Amino acid sequence: MTDSLMPRPRESLRALLLSQEFFDRDPRVVARALLGKLLARRTPNGTLVGRVVETEAYLGTGDPAAHSFSGKTPRNAVLFGPPGLAYVYFIYGNHYCLNVSCLPDGVAGGVLFRALEPVIGIEAMARARDMSLSDKSALKRITSGPGRMAEAFGITRDRDNGKDFTSARSDLQLRDDGYRVRRVVVTRRIGIVKAAEEPLRYIIEGNPFVSGPKAWAKKT
DNA sequence: ATATCGATTATCT
DNA sequence: GATAATCGATATG
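Residue numbers (numbering that gives the first Met the number 0): 0 to 219.
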């Protein structure tokens, strides 16, 4: 074959950019629908891609666990804005966490990205996390957790808060490559005390890159 | 394998 | 001044 002489389709053509309408829905619906989609980050050096395997829904002003519960502030303003924007917050003096805003402009709601399965740029992700891939068990820990995946992708509030996931010109995008999720498991949310019992955490059943102890990947 | 604890700072009361 | 949508290290069964 003369494969190398043919114009190679760009990566972006093989995975469709998610639209703003995709995010203009209830966070529970979006959280479920995001499983299996691709998070893509364009950097000066290369591209990072991870498949979404774990999400959590935060319901806005009616949800005691949501940052938007007590109304709009400078920090959470993005959650009240248009759908499909990156909401990044800094937590415990150590970690950034990445969310996407949901529902129409003026209505709060969002989805927290909790874990990815690395697809492209694994070496770069490991570097960003100061990890070596020589240890086989290290692979699972690169992007399995909200703080971990944010660090692997170089997400910070200064750089990324408010970015449009749905813009063709954005360096932070969400795409659909046609991957089909077999089965979804819903559990209580992790790391919170308020409204923790609500079944608002969504994971791809059996996926090894889901965060937390193995037991959390099954039920609770 | 599960439990506990300390780190470290932006944000809000 | 208290809190937090976490992580990694350490301790213990």
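Heads up, the beta-carbon is just placed ideally off N, CA and C, and yes, glycines get one too. The structure presented is a predicted model; accordingly, all values stated were derived computationally and were not measured.
Go ahead and pull the three-state DSSP assignment for Ile121. Under the three-state reduction of DSSP, Ile121 is assigned to helix.
Give every residue of the same chain whose Cβ lies closer than 8 angstroms to the Cβ of Ile191, excluding the five residues on either side of it in the sequence, and list them in chain order. These residues qualify, in order along the chain: Ala64.
Enumerate, from N- to C-terminal direction, the unbroken beta strand (DSSP E) stretches of 3 or more residues contained entirely within the stretch 100–179. For the stretch 100–179, the continuous beta strand (DSSP E) assignments of 3+ residues that do not extend past its boundaries occur at 109–119, 171–175, in sequence order.
What does the alpha-carbon distance come out to for the pair Asn206 and Met124? If you take the alpha carbons of Asn206 and Met124, they lie about 19 angstroms apart.
Considering Glu197, what are the terminal residues of the alpha helix (DSSP H) in which it resides? Taken as a continuous stretch (DSSP letters only), Glu197 belongs to no alpha helix (DSSP H), as it is neither H nor E.
With distances taken between CB atoms, is the gap from Arg13 to Asp176 smaller than 8 angstroms? Annotated as proximal: Arg13 and Asp176, with beta-carbon spacing under 8 angstroms.
Option nearest Asp159 by Cα separation, candidates Ile121, Arg40, Val29: For Asp159, the closest of Ile121, Arg40, Val29 by C-alpha to C-alpha distance is Arg40.
Could you please give the first and the last residue of the uninterrupted beta strand (DSSP E) stretch that includes Phe89? 85–90 is the extent of the beta strand (DSSP E) around Phe89.
Three-state class that DSSP yields for Thr46 in the structure shown: In the three-state reduction of the DSSP assignment, Thr46 falls in the strand class, which pools E and B.
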